[in-house]
Amino acid sequence: MMANENCGTAAMTQPEPEKKSWVDKVAQRTTGLGDARGPKVPETAEDAAERRKLWRFAGVGIEFAATVAIFSYGGYWLDQHFGWGSKATITGTIIAVVGGLYLLIKQVIKFNE
């Protein structure tokens, strides 16, 4: 009986590299981590600029939410302290939303220039 050289071993072939989905690409760019399927891709200047823009918009969203929360709480405190019902809470929230939208629109116009 002749021994088979390939007996018990599978053919060693490299699988085709999978194309990355847009989610994988965004996750890699925003986290700065390398790809799980290979080494980290060097960042280009264009990628860095795009990432900075995304973080700038994330900051605007956080700023908007914080402003609404602070003004709403301030109105709530005034209502509790002076017994005004919910007038100051509603007024503070409206002022915060209008002011936040103004700043958001201002940032978007500045971004598009």
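Under the numbering used here, the first residue of the sequence shown is numbered 258, with each subsequent residue one higher.
Beta carbons: idealized from backbone N, C-alpha and C, even for Gly.
Counting only the Cα atoms, A322 lies some 11 Å from L361. The C-alpha of W341 is placed about 49 Å away from the C-alpha of V280. Fewer than three Cβ pairs drawn from the stretch 334-349 and the stretch 310-318 lie within less than 8 Å of each other, which leaves the two stretches out of contact.
Under the three-state reduction of DSSP, T301 is assigned to coil, being neither helix nor strand. Contact between R286 and R308 holds: their C-beta atoms lie close to 6 Å from each other, under 8 Å. Secondary structure note for G356: its alpha helix (DSSP H) is the uninterrupted segment K344 to N369. The criterion of a C-beta distance shorter than 7 Å is satisfied by T346 and G332. S329 places its beta carbon less than 7 Å from that of T350.
For A305, the number of other beta carbons within 10 angstroms of its own is below 16, and it is reported as exposed.
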